[in-house]
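Trainee:
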Amino acid sequence: MNRRRETMIVRLLCCALPFSVLNVTMFNVAVPDLARVFGVSPASMGWTVTGFAVFYSIGSLMYGKLADRYEVRKLFVFGAAVFGCGSLLGIAADSFPMLLAARMVQAVGASCFPTMATLIPARFVPEERRGKALGTVAATLSVSGGVGPLVGGWIVEWLHWKALFLVSLGVWGVVPFLAKWLPGEREEGGLKANAGRPDAIGAGLIGAGAACLMLAVTRADWRLLAGAAVLLGLFLLRQKAAANPFIPRGLFGRRSYRFGLTMGVLASAANIGVTLLSPLALSRVYGFDAGMIGLLMFPGAFCAALMGRHGGKLADRKGTRLAITLAMGLLGTGLLSLFGTVGLGGQSGLWPWAVAACLIAANTGSNFMQSALAKRVSAALPSGSTGVGMGVFGLTNFLSVGVAGSVVTKLAETAEATAAPALAFGLMLRCRCSFSGCCTAKNGRGANGSLGPFADKCHRAVPGGRLLTATDRGPEGTPGLS
């Protein structure tokens with residue numbers, strides 16, 4: 005595939021993705037107004053958000069698995085068609101049950117977008133240029149997430165809530181062009197060559213387990229958490245017993261893939277802590293209104309989007325290791341500075357702008373991390389498991405965001421606003437320890453057998469931790485780290 009076609013695919017993908025992200029963020033702002041319109045409680049209307057999140061997270065994994073069996077082009081068209089049908093149903097909704105059904109249909113279709121956001125560059129862009137493509141996608145998602153609440157608030161205030169669904173229909177104007185530019189994949193009888201039948205029982209178990217976990221987190225229900233543990237345990241047993249398991253058995257045997265998943269979970273949890281708690285800190289500590297808070301948070305989102313492609317280019321030219329190290333440096337610096345700045349309170353009129361500077365560093369680091377980790381994970385996957393591998397990567401990040409979001413929200417209710425940045429920085433430090441250990445394992449020990457001063461500290465900081473060694477091997481004698 006030539007460079008021009010690659011560029012067009014990435015550009016069209018970046019035109020389609022905002023409709024999915026905007027749908028999520030715009031609707032969250034409209035929940036209180038919709039509760040009044042339909043005469044239901046905010047808690048009941050909250051199911052339009054909770055249910056959407058459950059279907060969205062599970063669907064991202066299912067689309068990834070299906071992408072190993074069917075053409076990406078066909079799956080993307082199918083997801084966009086379902087997403088649009090849900091939007092039409094929402095426009096026609098005249099009751100709360102109909103509105104709830106519309107949101108669930110939307111979620112089934114929209115869940116293909118986060119998987120395709122990483123899968124399409126991973127499958128159709130060569131590794132030497134993949135980081136730039138993933139960085140561009142990450143920048144697009146960052147901008148969309150930042151402007152979504154503003155657009156949603158403006159629509160609800162000045163237009164009509166049904167316009168929220170009307171905006172989502174815009175994806176139908178992009179998908180036909182993307183489908184035209186996406187290359188075909190070798191198929192036999194409508195299926196990819198050598199594609200096995202997915203394990204339906206395994207899919208049901210992991211889907212139900214993820215749903216219970218999401219609901220347990222959002223509803224703070226220990227019974228659902230216990231149910232999630234049981235279902236996920238049964239899924240692991242099914243993985244061992246099935247002839248063709250839902251997730252290939254050798255996938256988690258790849259250390260580079262496990263490393264990418266772990267780093268993604270920790271980084272997502274750290275970043276969501278800042279995203280959720282920064283507005284609260286600015287409100288409680290400085291007493292700012294919503295307009296001023298938005299003004300202070302906008303530079304972070306804008307700079308993250310502006311620098312997104314550069315992070316991807318860095319991963320292409322210098323490798324993911326350097327890109328991840330720089331990302332952790334920016335994110336860690338932003339988190340630590342934010343913790344100190346919020347703790348100082350409103351002693352100076354300049355401190356609010358210092359918070360904005362901290363958010364610029366944290367958001368830029370998070371954007372760099374997303375593109376670098378996505379490239380590293382995609383490079384660790386065998387060609388026949390790219391879809392399910394990226395689907396698992398997306399699902400674990402969704403679950404991490406959900407769990408971390410609930411934790412920091414509880415902290416906001418019971419503790420000082422400074423607790424969340426401190427927790428986020430702790431997660432980032434643990435992330436740094438894991439990365440230091442893996443890098444040391446790849447490069448080997450020093451001349452005197454030392455792991456290096458920082459790696460030694462990380463090793464001592466993790467109870468029972470064991471740094472990988474250069475002699476550790478993956479399955480079938482493959483190197484443990486890539």
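Note that the numbering used here gives residue 73 to position 69 of the sequence shown, counting from 1, and the numbers run on in steps of one.
Where a beta carbon is used, it is the ideal one built from N, C-alpha and C, also for glycine.
Bear in mind the structure is a predicted one, so any value in this text is a computation, not a measurement.
1. Excluding five sequence neighbours on each side, which residues of the same chain lie with their C-beta closer than 7 Å to the C-beta of residue 9?
2. With 16 as the cutoff for other CB atoms within 10 Å, does residue 313 come out buried or exposed?
3. Express the C-alpha separation of residue 55 and residue 157 in angstroms, rounding to a whole number.
4. Going by C-alpha to C-alpha distance, which of 110, 106, 34 and 119 sits closest to residue 154?
5. With 16 as the cutoff for other CB atoms within 10 Å, does residue 379 come out buried or exposed?
6. Looking at C-alpha atoms only, which residue of 322, 283 and 317 is the closest neighbour of residue 302?
7. Within 10 angstroms of its Cβ, does residue 165 collect 16 or more other Cβ (buried), or is it exposed?
8. Counting pairs of Cβ atoms below 8 Å between the region 165 to 184 and the region 211 to 230, do you hit three or more?
9. Can you tell me whether residue 230 is buried or exposed? The criterion is at least 16 other CB atoms within 10 Å of its CB, across all chains shown.
10. Helix, strand or coil for residue 99? Go by DSSP, reduced to three states.
11. Can you list, in chain order, the residues of its chain with a C-beta nearer than 6 Å to that of residue 318? Leave out the 5 residues immediately preceding and following it.
12. Could you check which residue in 341, 305 and 366 has the C-alpha nearest to that of residue 330?
13. So residue 95 packs on residue 169, CB below 8 Å; how close in whole Å?
14. Looking at C-beta atoms only, is the number of pairs between the region 113 to 121 and the region 46 to 62 that lie closer than 8 Å three or more?
15. I need the straight-line Cα distance from residue 22 to residue 201, nearest angstrom please.
16. Can you tell me whether residue 98 is buried or exposed, with buried defined as 16 or more other CB within 10 angstroms of its CB?
17. If you compare alpha carbons, which of 11, 207 and 292 is closest to residue 238?
18. What number of angstroms, rounded off, separates the C-alpha of residue 123 from the C-alpha of residue 247?
19. Evaluate contact between the region 78 to 94 and the region 140 to 151, counting only Cβ atoms and requiring at least three cross-stretch pairs below 8 Å.
20. Taking the alpha carbon of residue 28 as the reference point, which residue from 42, 372 and 112 has its own alpha carbon closest?
21. Buried or exposed: residue 69, going by 16 or more other Cβ atoms within 10 Å of its Cβ?
22. Taking the beta carbon of residue 14 as the centre, do at least 16 other beta carbons fall within 10 Å, making it buried, or is it exposed?
23. Check whether the Cβ atoms of residue 320 and residue 161 sit closer than 8 Å, and answer yes or no.
24. Where does residue 247 sit, in a helix, a strand or coil, going by DSSP?
25. When you compare each of 359, 244 and 266 to residue 296 by their alpha carbons, which one comes out closest?
26. For residue 292, which three-state DSSP category applies?
27. Have a look at 103, 72, 251 and 11 and flag the residue whose alpha-carbon is nearest the alpha-carbon of residue 44.
28. Quick one: is residue 387 buried, meaning 16 or more other Cβ sit within 10 Å of its Cβ, or exposed?
29. Going by alpha carbons, who is nearest to residue 71 out of 311, 373 and 251?
30. Can you list, in chain order, the residues of its chain with a C-beta nearer than 8 Å to that of residue 159? Leave out the 5 residues immediately preceding and following it.
31. Here's the rule: buried if 16 or more other CB atoms are within 10 angstroms of the residue's CB, otherwise exposed. What is residue 408?
32. How big is the Cα-Cα spacing for residue 228 and residue 210?
33. Among 406, 76, 214 and 242, which one has its Cα closest to the Cα of residue 232?
34. Counting along the chain, where does the alpha helix (DSSP H) carrying residue 32 start and finish?
35. Does residue 114 come out as helix, strand or coil in the three-state DSSP assignment?
Mentor: Taking the geometry as given:
1. Counting from 1 along the sequence shown, the entry for residue 9 is found at position 5. Same-chain partners within the cutoff: 185.
2. Indexing the sequence shown from 1 puts residue 313 at position 309. A residue is called buried once 16 or more other Cβ atoms fall within 10 Å of its Cβ, and residue 313 is buried on that count.
3. As a first step, residue 157 must be located in the sequence shown, where it is residue number 153. As a first step, residue 55 must be located in the sequence shown, where it is residue number 51. Going by the C-alpha atoms only, they are around 21 Å apart.
4. For this step, residue 154 is matched to residue 150 along the sequence shown. Looking at the Cα atoms, 34 is the closest of the given residues.
5. As a position in the sequence shown, residue 379 is number 375, starting the count at 1. Residue 379 is buried by the Cβ-count criterion.
6. Walking along the sequence shown from the start, residue 302 turns up at place 298. Ranking the options by Cα distance to residue 302, first place goes to 283.
7. Position 161 of the sequence shown, counting from 1, holds the residue named residue 165. Answer is buried; the Cβ neighbour count reaches 16.
8. no
9. Within the sequence shown, the letter at position 226 stands for residue 230. Sixteen is the threshold: since fewer than 16 other Cβ atoms of the shown chains lie within 10 Å of the Cβ of residue 230, the residue is exposed.
10. Locating residue 99 in the sequence shown gives position 95, where the first residue counts as 1. Secondary structure of residue 99 (DSSP, three-state): coil.
11. As a first step, residue 318 must be located in the sequence shown, where it is residue number 314. Closer than 6 Å at Cβ, skipping near neighbours: 327.
12. If you number the sequence shown from 1, residue 330 lands on position 326. The shortest Cα separation from residue 330 among 341, 305 and 366 belongs to 366.
13. Translated into the one-based positions of the sequence shown, residue 95 becomes position 91. Translated into the one-based positions of the sequence shown, residue 169 becomes position 165. Rounded, the Cβ-Cβ distance is 5 Å, consistent with contact.
14. yes
15. In the sequence shown, counting from the first residue as 1, residue 22 sits at position 18. In the sequence shown, counting from the first residue as 1, residue 201 sits at position 197. A direct Cα-to-Cα measurement between residue 22 and residue 201 gives close to 33 Å.
16. Along the sequence shown, one-based indexing puts residue 98 at 94. By the 10 Å Cβ count, residue 98 comes out exposed.
17. Numbered from 1 along the sequence shown, position 234 holds the residue referred to as residue 238. For residue 238, the nearest C-alpha among the options comes from 207.
18. Walking along the sequence shown from the start, residue 123 turns up at place 119. Walking along the sequence shown from the start, residue 247 turns up at place 243. So the two alpha carbons sit approximately 26 Å from each other.
19. no
20. As a working note, residue 28 is residue 24 in the sequence shown. For the residues 42, 372 and 112, the minimum Cα distance to residue 28 belongs to 112.
21. In the sequence shown, residue 69 corresponds to position 65, counting from 1. Per the 10 Å Cβ criterion, buried.
22. Here residue 14 refers to the residue found at position 10 when the sequence shown is read from its first residue. Buried is the call here.
23. By 1-based counting over the sequence shown, the position of residue 320 is 316. By 1-based counting over the sequence shown, the position of residue 161 is 157. Going by C-beta atoms, residue 320 is not nearer than 8 Å to residue 161.
24. Position 243 of the sequence shown holds residue 247. The answer is coil: DSSP assigns residue 247 none of H, G, I, E or B.
25. The count along the sequence shown starts at 1 and reaches residue 296 at position 292. For the residues 359, 244 and 266, the minimum Cα distance to residue 296 belongs to 359.
26. Against the sequence shown, residue 292 aligns to sequence position 288. Residue 292 falls in the coil class under three-state DSSP.
27. As a position in the sequence shown, residue 44 is number 40, starting the count at 1. Its Cα nearest to that of residue 44, the residue 103 stands out among 103, 72, 251 and 11.
28. Taking the sequence shown and counting its residues from 1, the one referred to as residue 387 is at position 383. Exposed is the call here.
29. Position 67 of the sequence shown, counted from the start, is the residue given in the question as residue 71. Ranking the options by Cα distance to residue 71, first place goes to 251.
30. Numbered from 1 along the sequence shown, position 155 holds the residue referred to as residue 159. Cβ within range, chain order: 30, 34, 165, 167, 168 and 171.
31. As a first step, residue 408 is located in the sequence shown; it is residue number 404 there, counting from the start. Flag for residue 408 reads buried.
32. Numbered from its first residue, the sequence shown carries residue 228 at position 224. Numbered from its first residue, the sequence shown carries residue 210 at position 206. Near 14 Å, if we compare the C-alpha coordinates of residue 210 and residue 228.
33. Start at 1 with the first residue of the sequence shown, and residue 232 comes out as number 228. Of the listed residues, the one whose Cα sits closest to residue 232 is 214.
34. Mapped onto the sequence shown, residue 32 falls at position 28. Residue 32 -> alpha helix (DSSP H) spans 7 to 42.
35. Position 110 of the sequence shown, counting from 1, holds the residue named residue 114. Residue 114 falls in the helix class under three-state DSSP.
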